[in-house]
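Student: The structure's right below; bear with me while I get my questions together.
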Amino acid sequence: MTEVGAKRVAEVFQRVQALAEHPDMGRVAPEFDQPFLRELVHPPFRIVYRRDSQRVRMVRIWRNERLRLPQA
């Protein structure tokens with residue numbers, strides 16, 4: 000892994016670890032519209048997690064760049 004890649008992974012882990020103290024810091028994931036499914040955006044990553052009464056579980060972490068189409 001490159002130095003930049005290792006830094007990005009460490010940043011994502013820091014955001015995820017912060018959920019232990021602040022489980023509601025993410026917003027409700029708009030496409031699910033369920034209060035227990037929340038997301039954190041840490042460009043270029045999106046972290047979706049499930050917030051239960053006693054724990055936080057990661058659902059998915061992925062890159063979230065948008066495809067840029069050529070302009071006509």
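Using numbering that gives the first Met the number 0, read the sequence shown as starting at 0 and increasing by one per residue. Yeah, the Cβ is synthetic: ideal placement off N, Cα and C, and Gly gets one too.
1. Using 10 angstroms around the beta-carbon of residue 4, count the other beta-carbons present and answer buried if the total reaches 16, otherwise exposed.
2. If you compare alpha carbons, which of 30, 46 and 31 is closest to residue 24?
3. Which residues does DSSP list as the beta-bridge partners of residue 24?
4. Can you give me the Cβ contacts of residue 63 inside the same chain, cut-off strictly under 8 angstroms, excluding the 5 residues immediately before and after it?
5. Sort 38, 30 and 54 by Cα distance to residue 11 and report the nearest one.
6. I need the DSSP call for residue 14, collapsed to helix, strand or coil.
7. The beta strand (DSSP E) that contains residue 62, what's its start and end?
Tutor: Considering the structure as presented:
1. On the sequence shown, residue 4 is found 5 positions in, with the first residue counted as 1. It counts as exposed.
2. Locating residue 24 in the sequence shown gives position 25, where the first residue counts as 1. The shortest C-alpha separation from residue 24 is found at 46.
3. The residue labelled residue 24 in the question sits at position 25 within the sequence shown. Per DSSP, none; premise fails for residue 24.
4. Looking up residue 63 in the sequence shown gives position 64. Here the set comprises 40, 42, 43, 44 and 45.
5. Within the sequence shown, numbered from 1, the residue matching residue 11 stands at position 12. The closest CA to that of residue 11, considering only 38, 30 and 54, is found on 38.
6. Walking along the sequence shown from the start, residue 14 turns up at place 15. In this structure, residue 14 counts as helix in the three-state DSSP scheme.
7. Along the sequence shown, one-based indexing puts residue 62 at 63. First-last of the beta strand (DSSP E) with residue 62: 55 to 62.
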